[in-house]
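Peer 1: As given, the protein sequences belong to chains A and B, one line each in that order. When the letters of the first sequence are read in order and numbered with our numbering, they come out as residues 440 to 795. When the letters of the second sequence are read in order and numbered with our numbering, they come out as residues 440 to 795. Here it is: the structure, laid out below.
Protein chains: 2
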Amino acid sequence: MDNSKSKCVLLTGGAGYVGSHTIIPLIESGYEVVVLDNLSNACKGDEGQNPVPISQVEKLVGKPVTFYNVDLLDYDSLSKVFDKHNFCCVIHFAGLKAVGESCIIPLTYYRVNVSGSINLFQVMKEHNVKKLVFSSSSTVYGEPQFLPITESHPVGQNLLNGYAKSKYYIEGIIQDLCNSDKEWFVIILRYFNPVGAHPSGILGEDPTGIPNNLMPYVAQVAVGNRPCINVFGNDYNTVDGTGVRDYLHIMDLAEGHVSALQKLQNADENGAIAINLGTGNGYSVLQVIDMFSQVSGQKVKYAIADRRAGDCASSYCDASFAKSYLGWEAKRTLKEMCEDTWRWQSLYPQGFSTKK
Amino acid sequence: MDNSKSKCVLLTGGAGYVGSHTIIPLIESGYEVVVLDNLSNACKGDEGQNPVPISQVEKLVGKPVTFYNVDLLDYDSLSKVFDKHNFCCVIHFAGLKAVGESCIIPLTYYRVNVSGSINLFQVMKEHNVKKLVFSSSSTVYGEPQFLPITESHPVGQNLLNGYAKSKYYIEGIIQDLCNSDKEWFVIILRYFNPVGAHPSGILGEDPTGIPNNLMPYVAQVAVGNRPCINVFGNDYNTVDGTGVRDYLHIMDLAEGHVSALQKLQNADENGAIAINLGTGNGYSVLQVIDMFSQVSGQKVKYAIADRRAGDCASSYCDASFAKSYLGWEAKRTLKEMCEDTWRWQSLYPQGFSTKK
Chain A
440 MDNSKSKCVL LTGGAGYVGS HTIIPLIESG YEVVVLDNLS NACKGDEGQN
490 PVPISQVEKL VGKPVTFYNV DLLDYDSLSK VFDKHNFCCV IHFAGLKAVG
540 ESCIIPLTYY RVNVSGSINL FQVMKEHNVK KLVFSSSSTV YGEPQFLPIT
590 ESHPVGQNLL NGYAKSKYYI EGIIQDLCNS DKEWFVIILR YFNPVGAHPS
640 GILGEDPTGI PNNLMPYVAQ VAVGNRPCIN VFGNDYNTVD GTGVRDYLHI
690 MDLAEGHVSA LQKLQNADEN GAIAINLGTG NGYSVLQVID MFSQVSGQKV
740 KYAIADRRAG DCASSYCDAS FAKSYLGWEA KRTLKEMCED TWRWQSLYPQ
790 GFSTKK
Chain B
440 MDNSKSKCVL LTGGAGYVGS HTIIPLIESG YEVVVLDNLS NACKGDEGQN
490 PVPISQVEKL VGKPVTFYNV DLLDYDSLSK VFDKHNFCCV IHFAGLKAVG
540 ESCIIPLTYY RVNVSGSINL FQVMKEHNVK KLVFSSSSTV YGEPQFLPIT
590 ESHPVGQNLL NGYAKSKYYI EGIIQDLCNS DKEWFVIILR YFNPVGAHPS
640 GILGEDPTGI PNNLMPYVAQ VAVGNRPCIN VFGNDYNTVD GTGVRDYLHI
690 MDLAEGHVSA LQKLQNADEN GAIAINLGTG NGYSVLQVID MFSQVSGQKV
740 KYAIADRRAG DCASSYCDAS FAKSYLGWEA KRTLKEMCED TWRWQSLYPQ
790 GFSTKK
């Protein structure tokens with residue numbers, strides 16, 4: 440099949456947090472989007488309806504989105520989706536992503552993330568779809584050896600959890616795949632810390648159970664779902680002793696995928712290239728809590744707790760390669776990240792399962 | 440199921456070179472052996488018969504060996520084998536092993552080696568079989584940073600092929616598995632260069648196509664199947680300029696697995712422990728060719744060719760940890776390695792498919 444002129448993109452894990460937000464600028468940029476998700480971590484819709492995040496996206500873009508409830512481990516069903524569509528490219532978001540959980544059930548993480556990716560790449564190869572954007576993570580860098588973290592920072596050293604290792608392994612598999620077949624062109628996006636929500640307030644991050652990440656936890660405290668947030672360590676060598684991270688607005692991240700896709704289609708290149716997606720600025724835990732309190736008008740209660748094993752003092756990226764190579768840079772401020780999170784959390788205090 | 444007193448061992452890939460030879464000392468040590476293999480790389484038997492290497496083993500041990508033609512990627516069939524037997528332990532030999540081929544079809548290597556291992560570990564976990572011997576490789580060390588290579592030599596750095604990376608990834612998955620569940624006890628055996636054959640001459644290495652490794656190639660030249668062997672580089676900093684490797688007799692290696700199994704059953708330990716299996720001595724390519732010529736009485740013709748990318752000058756292990764921890768050491772000499780290879784090659788010039 441000739442897919443050189445297709446503008447049809449497959450999003451694996453497209454019902455998840457990053458995937459669902461990415462649909463919007465893709466459609467606004469003229470792409471046709473097909474979403475595939477096993478809904479292991481997404482809010483299902485009513486009988487016969489698309490999952491809730493996809494329905495919300497459909498409201499925002501004003502058109503239907505094709506959705507398949509398919510697991511990447513189900514080779515035959517996956518292959519059938521490729522038979523039906525003429526994909527120009529795949530954006531591979533699907534994967535488990537809770538660092539703590541990956542230490543408890545590592546085999547599940549490796550099965551879903553690594554075996555799932557291998558299946559996907561095999562099916563892509565069989566259908567001659569050889570352009571891929573892969574959702575990797577800044578965790579592949581391990582504890583930063585220098586700051587800001589550039590793409591040439593060592594990867595794979597002393598990775599302390601199955602999540603980070605699974606992303607590192609998949610990067611390695613992609614590298615070998617590209618070395619073996621010069622028709623492949625893969626952009627590996629190493630996300631720093633995606634936060635925030637669509638500015639409409641009707642689409643956002645919907646963690647199941649206790650949030651693993653700072654921003655959704657802070658939002659749940661602000662809205663009254665949880666009494667208090669633990670801050671793990673206030674004796675780091677940072678501006679106020681709490682950990683510093685590179686938070687990135689989800690809509691900036693979503694737009695980064697569009698830039699990557701355009702590069703894949705327009706550049707006559709091949710091979711695998713890794714790119715940091717972050718703002719290049721770090722904010723401390725207390726700075727985030729403080730900004731969220733200001734924006735929401737709620738006092739966010741916190742308690743200082745012991746450091747967590749595996750946490751580092753600071754992590755933020757050198758974002759210059761994304762700018763020079765993709766022509767992309769993050770534009771939204773920490774204030775907007777907090778405002779948009781708060782709008783979503785206020786409208787949907789129980790996430791997508793909130794009765795409207 | 441209580442498997443604490445079982446002496447029944449599952450050998451994945453048990454019809455392969457290392458697997459088939461290992462059955463013999465296992466049975467001699469009182470173990471009951473069940474072999475599982477997908478026969479992707481082994482000589483099939485006649486209709487209704489066990490594969491040829493297993494039949495040969497049965498002749499040598501004088502009793503039948505239970506065999507299943509099952510692929511590790513077939514979760515349900517694998518699970519059924521575990522339902523039928525009360526395994527104390529698994530020795531996981533199964534995997535693709537041709538370094539060069541892994542650069543050409545990496546996805547196949549990752550699928551078979553990594554996804555296959557993840558499936559196996561999941562089925563083991565579900566059946567409460569948590570003792571494992573894993574066939575790893577000295578290739579996880581990459582280019583040696585010092586010699587002899589101890590187990591604390593860095594692993595995973597600058598691995599140049601999918602074979603080595605797949606073994607390194609599986610080691611990483613095993614490490615996480617053991618960290619997540621303290622009931623697991625895994626011995627990772629990092630093989631150096633297994634060569635030779637059973638001294639009977641009726642069981643040996645049966646490579647399909649052009650041999651990837653030195654010894655079977657030399658043997659095929661000696662027996663007249665091939666005219667000449669290429670020696671890749673004679674300007675290395677070694678005794679005679681040709682590459683030096685740590686060759687290990689297959690029966691020594693087989694016995695190393697018995698020692699590992701006994702350790703798993705008798706030691707009250709847990710976690711994952713990596714052990715080098717080698718002699719601790721290096722021999723050059725020309726030393727091997729010379730010894731083979733002496734032993735076989737055949738002049739083995741060779742030609743000096745360019746160095747191959749990815750080859751290092753010398754690689755040999757520090758074998759002391761295997762001795763102290765397992766009570767195992769290699770006993771057989773290079774002369775015995777060549778003699779036994781030659782006996783096998785003379786009796787079976789076309790390998791197992793030789794018409795007898």
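Beta carbons: idealized from backbone N, C-alpha and C, even for Gly.
1) Would you mind listing the beta strand (DSSP E) stretches within the stretch 579-647 of chain B that are 3+ residues and don't spill past its ends, in chain order?
2) Using only the alpha-carbon positions, how far apart do A:LYS770 and A:VAL579 sit?
3) So which residues of chain B does A:ASN618 contact, with C-beta pairs closer than 8 angstroms?
4) Between the stretch 550-570 of chain B and chain A, which residues of the former have CB atoms less than 7 angstroms from a CB of the latter, in chain order?
5) Starting from B:TYR602, find everything on chain A with Cβ-Cβ shorter than 9 angstroms and list it in chain order.
6) For a quick check, are the C-beta atoms of A:LYS636 and A:THR780 less than 7 angstroms apart?
7) Does any residue of chain B have a CB that is nearer than 7 angstroms to the CB of A:ILE613?
8) Counting only beta-carbon separations shorter than 7 angstroms, does A:TYR514 have a partner in chain B?
9) Is the separation between the beta-carbon of B:TYR675 and that of B:VAL634 shorter than 7 angstroms?
10) Using a Cβ distance threshold of 8 angstroms, determine whether the stretch 594-610 of chain B contacts the stretch 651-671 of chain B, with at least three qualifying pairs required.
11) By a C-beta neighbour count over all protein chains shown, 10 Å radius and 16 as the cutoff for buried, is A:LYS604 buried or exposed?
12) Quick check on B:SER763: buried or exposed, where buried means 16 or more other Cβ atoms within 10 Å of its Cβ?
13) Is there a C-beta anywhere in chain A that falls below 7 angstroms from the one on B:TYR608?
14) Using the beta-carbon of each residue, which ones in chain B are nearer than 8 angstroms to A:GLY595?
15) Is it buried or exposed for B:ALA748, if we count other Cβ within 10 angstroms and need 16 for buried?
16) How big is the Cα-Cα spacing for B:PRO583 and B:GLU486?
17) So A:VAL448 is in the beta strand (DSSP E); what residue range does that whole segment cover?
18) For A:GLY458, which option in A:ASP707, A:GLU708, A:ILE689 and A:TYR787 has the closest C-alpha, if you only look at C-alpha atoms?
19) So, are the CB atoms of A:LEU703 and A:PHE573 less than 7 angstroms apart?
20) Considering only DSSP beta bridges, list what A:ASN529 is partnered with.
21) Quick one: give me the first and last residue of the beta strand (DSSP E) that B:GLY710 is part of.
22) Just to confirm, are A:CYS447 and A:GLU467 a CB contact at a threshold of 7 angstroms?
23) Report the start-end ranges of each alpha helix (DSSP H) in the stretch 528-561 of chain A that is 4 residues or longer and not cut off at the edges.
24) For A:GLY680, which residues from the same chain have a beta carbon less than 7 angstroms from its beta carbon, with the 5 sequence-adjacent residues on both sides left out?
25) Count the other CB atoms, across all protein chains shown, that sit within 10 Å of the CB of A:PRO490; report buried if there are 16 or more and exposed otherwise.
26) Taking only the alpha-carbon atoms, compute the straight-line gap between B:ARG629 and B:ILE613 and give it to the nearest angstrom.
27) If we call anything under 7 angstroms between Cβ atoms a contact, is B:PHE560 one with A:LEU478?
28) Alpha carbon to alpha carbon, what distance is there between B:ALA744 and B:ALA752?
29) Is the Cβ-Cβ distance between B:ILE668 and B:TYR741 less than 7 angstroms?
30) I need the straight-line Cα distance from B:PHE521 to B:VAL562, nearest angstrom please.
31) Give every residue of the same chain whose Cβ lies closer than 6 angstroms to the Cβ of B:GLN784, excluding the five residues on either side of it in the sequence, and list them in chain order.
32) From A:GLU483 to B:GLN495, what distance separates their C-alpha atoms?
33) Just the C-alpha distance for B:LEU616 and B:ILE712, rounded to the nearest angstrom, thanks.
Peer 2: This is what the structure gives:
1) 624-630 and 632-634
2) 25 angstroms
3) CYS542 and PRO545
4) ARG550, VAL553, SER554, ILE557, PHE560, GLN561 and LYS564
5) Near B:TYR602 there are no residues of chain A at all, since even the closest Cβ is about 10 angstroms away, more than 9 angstroms.
6) Contrary to the premise, residue 636 of chain A reads as Ala rather than Lys in this sequence. Yes; because the gap between Cβ atoms is below 7 angstroms, this pair is in contact.
7) no
8) no
9) no
10) no
11) buried
12) exposed
13) yes
14) GLY595
15) exposed
16) 47 angstroms
17) 447-451
18) A:ILE689
19) no
20) The sequence given here has Val at residue 529 of chain A, not Asn. In DSSP, A:VAL529 forms a bridge with A:LEU449 and A:LEU571.
21) 710-716
22) no
23) 538-543 and 545-548
24) ASN673 and ASP674
25) buried
26) 14 angstroms
27) no
28) 15 angstroms
29) yes
30) 8 angstroms
31) ALA658 and VAL662
32) With the sequence shown as reference, residue 483 of chain A is identified as Lys, and Glu is not the correct amino acid for it. Roughly 56 angstroms separates the two Cα atoms.
33) 13 angstroms
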